[in-house]
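Structure first, then comments.
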Amino acid sequence: MPTTQTKKKTTVKKTTKRRKKLVIVESPSKAKTIEKYLGSTYKVMASLGHIRDLPRSSMGIDVENNYEPHYISIRGKGPVIKELKKEAKKASHVYLAADPDREGEAIAWHLSYLLGLDPKGKNRVVFNEITKDAVKNAFKNPREIDMNLVDAQQARRVLDRLVGYSISPLLWAKIKKGLSAGRVQSIALNLIIQREKEIRNFEPEEYWTIDSQFKKGRSKFDADFWGVDGKKKDLPNEKAVQEVLSKIDSKKKFDVTDVARKERKRTAPLPFTTSTMQQVANNSLKFRTQKTMMVAQQLYEGINIGRSGSVGLITYMRTDSTRISNVAKHEAALFLHENYGAEYAASKPRQGKLSENAQDAHEAIRPSSVERTPEKMAKYLDKDQLKLYTLIWSRFVASQMTPAVYDTMRVSLTQNGIEYRARGSKLKFPGFTAIYKETTNKDNILPDLEVGDQVDMVKNQPNQHFTLPPARYTEATLIRTLEENGVGRPSTYAPTLNTIQKRYYVKLAARKFEPTELGEIVNTMIEECFPDILNVDFTAQLEDQLDSIEDGKEQWIRVIDEFYQPFSKEVQNAEVKLDKVKIKDEPAGIDCEVCGAPMVIKLGRYGKFYACSRFPDCRNTKAIVKEIGVTCPDCKQGQIIERKSKRNRTFYGCSRYPDCEFVSWDKPVGRDCPKCKHFLIEKKTKKGLQVKCSNCDYTEAIQK
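Numbered as in full-length UniProt numbering, the sequence shown ends at 704 without a single skipped number.
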């Protein structure tokens, strides 16, 4: 029987390329970090911030049709949008992972519109920190775009556009071109000007103190005059001082009549919100607000830390909450037990009271892992990143620690009814101060004194003083005042402060805000025509209404309409009421080197400058420069002059520029280094000015 052979079937395997899931974030550095966490089945791209916005050339809002905004693609974003659309078509699913705030939600909404995504689809992914676990967990729970958040952002954008594009043309017509006005920036400017008026109108008042020194045995200690016959007494003039001194017998001892010993606890600070971080960074690190936010963004988006790759070192940096997750609290408690001991870990860390305006959408700013100490991260961070990370890390860890405990002592010293008081304190238990020191408080230790002891007066020094005017605002104190008044929100403070400086409404002198002539003119006009814009209570109430949109309690169109109807009438009245402001030119006292006519000082967008009085027939202009009396160390011909950078930072350059290109951020002193012959410079320190070499390690003693 013949055998039949069966042919073996060969099957050809078809390989189909697996479609990836597309994730869209805001920044390229964030994209790299997240792509590493999600793996090869995901492609992560960056939108580079907003991709649609209102047009710059027009209002872009149809006030007759429910304030409908007219959005257009942002100029220059065409290639980005084209690439995102191309990849979205190829993707099996598109996730929108912009930042977890109003702006991020709006970016996701605009992306959804441009990419043709289902607005009800679960495409939105949010995470408060860029760590592997946080990112992966977020992708397990995608959600719909939150239209309340979108409406809240849209309302603020529309409101700011209505204010800015209504008032700014008035400023151009009545004062000069290039000016602008806005809700929060106008109040910030007004606060600075009102403070300047207080300083100008301030009348100092005389007062005196009597600072004394006593001793018991070999121990000396300081005390201050307090009162007479058991009652507190002020010393308004020298006559009052002499009355006190006349009753003191220099040969007689003082009696210790009262000793009060107490234990005082100093509680740990709360972790940072956006505004408290900006304030502390400004005070302790001397960081400008914009710089603080830029460095914080870098720490949030991801830092390459060796084998672990890129990791977000802090949680999201735009927050007004001091809340901390239970996971972070537990991790901090373990860290403190292992590294400091159980007595340093608070069993119930201090809970911050949420302010009325706080949204509590995110945790406080904290390290994503407390185990990544500043010491461990130092080799991966640049100087500024390390300073800010150390501040954030230490503040968070301190917030989970026990209070610092001090032994305090108050002593009353009396003779002939004249009473002096001495106060002393000694750190008993460091608590949170072992990690976070807010101030450099030193122990003031008094000798062991008891009621009935007698002490000798060693020194008795009367001192005349005069009350001081209120201090000008720094960036830190202005942010605190805006926040206390409920004006603006965490994301608005940095751009607000930047705008009022860029418009030359204010300038920073010795890190304090001073209004310019232009700023005062603009403020006067807004005060006269738009009182509600400068009314702190009105603006705070409006901020609350805008926040209510986010909570779904208010309709954004109604909030805008309630504001705009009376505001538009104020704009119409101002157009008729306001006269054109003529900013007078000042004589410069020098002649034009081109035509010989007198030069004048004009006020421009970036400050004052010299210009020929024959303008426009002669267009010669010159910057107003300040010579410091030092010959240029490079060319030995020109004079060193003080200049301003585009960011209003002072630097020093040669008057012969561009023939001589010498520049220095530090002020040259006009002498050469005795070691290497390079020029010496002045450096400001907390103790005073120090002269250093610009090249080697040579330094001179600090001049107080």
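Glycine included, each C-beta is placed from N, C-alpha and C at the ideal position.
Original post:
Does the region 560-571 touch the region 156-174, meaning 3 or more C-beta pairs lie closer than 8 angstroms?
Top reply: yes
Original post:
Are the beta-carbon atoms of ILE314 and ALA296 separated by less than 8 angstroms?
Top reply: Against a cut-off of 8 angstroms, the Cβ pair of ALA296 and ILE314 comes out as a contact.
**OP:** For the beta strand (DSSP E) containing LYS82, list its first residue and its last residue.
**Re:** Run containing LYS82: none in the beta strand (DSSP E); it sits in the alpha helix (DSSP H), 78-90.
**OP:** Assuming GLU196 contacts ASP407 (C-beta within less than 8 angstroms), just tell me the rounded distance between them.
**Re:** Incorrect: roughly 44 angstroms between the Cβ atoms, too far for contact.
Subject >> Residue closest to THR650, alpha-carbon to alpha-carbon, out of GLN639, VAL663 and TYR657 >> reply: VAL663
Original post:
If you run the structure through DSSP and keep just helix, strand and coil, what is TRP665?
Top reply: coil
Original post:
CYS696 by DSSP, collapsed to three states: which one?
Top reply: coil
Original post:
In terms of residues, what are the limits of the beta strand (DSSP E) holding residue 706?
Top reply: Missing from the structure shown is residue 706; the chain here goes from 1 to 704 and no further.
Original post:
Sorted by chain position, which residues of the same chain lie with C-beta nearer than 7 angstroms to ALA358's C-beta, five sequence neighbours on each side aside?
Top reply: Confidence at ALA358 is low in this model, with a pLDDT of 48, below 50, so the placement of that residue should be treated as unreliable; the coordinate-derived value is given next. Result list for ALA358: ASP320 and SER321, in chain order.
Original post:
First and last residue of the beta strand (DSSP E) that includes residue 780?
Top reply: Absent from the model: residue 780. The displayed extent of the chain is 1 to 704, so no value can be given.
**OP:** Compare the beta carbon distance of LEU446 and MET409 with 8 angstroms and say whether it is the shorter of the two.
**Re:** For the pair LEU446 and MET409, the CB atoms are nearer than the 8 angstroms cut-off.
**OP:** Might you give, ordered along the chain, the residues of its own chain that have their beta carbon closer than 8 angstroms to the beta carbon of ARG350, omitting 5 neighbours on each side?
**Re:** THR267, ALA268, LEU270 and SER399
Subject >> Exposed unless 16 or more other CB atoms sit within 10 angstroms - verdict on GLU343 >> reply: exposed
**OP:** Specify, as a first and last residue, the run of the beta strand (DSSP E) that ASP160 falls within.
**Re:** Premise fails: ASP160 lies in the alpha helix (DSSP H), 147-174, not in any beta strand (DSSP E).
**OP:** Verify the CB distance criterion: does GLY596 have a CB-CB separation below 8 angstroms to chain B?
**Re:** Of the protein chains in this structure there is only one, and it is not chain B.
**OP:** Going by CA-CA distance only, name the one from SER186, LYS85 and GLU144 that's closest to PHE530.
**Re:** SER186
Original post:
Should CYS676 be labelled buried (16 or more other beta-carbon atoms within 10 Å of its own) or exposed?
Top reply: exposed
Subject >> N-terminal and C-terminal residue of the alpha helix (DSSP H) that SER655 is part of >> reply: First-last for SER655: undefined, no H or E at that position.
Original post:
Thinking C-alpha only, which one of GLY589, ALA494, PHE429 and ARG366 is nearest THR292?
Top reply: ALA494
Subject >> ARG558, enclosing alpha helix (DSSP H) - first and last residue >> reply: 556-577
Original post:
For PRO100, which three-state DSSP category applies?
Top reply: coil
Original post:
What residue range is occupied by the uninterrupted beta strand (DSSP E) comprising PRO598?
Top reply: 598-604
Original post:
Which residues in the same chain have their Cβ closer than 8 angstroms to the Cβ of ALA91, if we skip the five residues on either side of it in sequence?
Top reply: ARG19, LYS20, LYS21, LEU22 and LYS43
**OP:** Indicate the three-state DSSP secondary structure (helix, strand or coil) for GLN400 in the structure shown.
**Re:** coil
Subject >> Beta-carbon spacing of TRP474, ARG511 below 8 angstroms >> reply: In the sequence as presented, Trp is not what sits at residue 474; that position holds Thr. Cβ distance < 8 angstroms, so THR474 and ARG511 count as in contact.
Original post:
If ILE199 sits next to ARG472, beta carbons under 8 angstroms apart, how far is it from one beta carbon to the other, in whole angstroms?
Top reply: For a cut-off of 8 angstroms, the C-beta gap from ILE199 to ARG472 is around 7 angstroms, short enough to register as a contact.
Original post:
Just the Cα atoms here: how many angstroms apart are TYR389 and PHE127?
Top reply: 20 angstroms
Original post:
If you run the structure through DSSP and keep just helix, strand and coil, what is HIS110?
Top reply: helix
Original post:
How far does the beta strand (DSSP E) with MET45 in it reach, from first residue to last?
Top reply: 42-46
Subject >> VAL559 versus ASP151 - alpha carbon distance >> reply: 11 angstroms
Subject >> Top-ranked residue by Cα proximity to SER425, from ALA540, ALA404 and ARG480 >> reply: ALA404
Original post:
By Cβ distance, which residues of its chain are closer than 7 angstroms to LYS459, with the 5 residues on each side in sequence left out?
Top reply: SER212 and GLN213, listed in sequence order.
**OP:** Specify the secondary structure class of THR10 as computed by DSSP and reduced to three states.
**Re:** Because THR10 carries a pLDDT of 47, less than 50, the predicted location of this residue cannot be relied on, and the following value inherits that uncertainty. Here DSSP, grouped into helix, strand and coil, assigns THR10 to coil.
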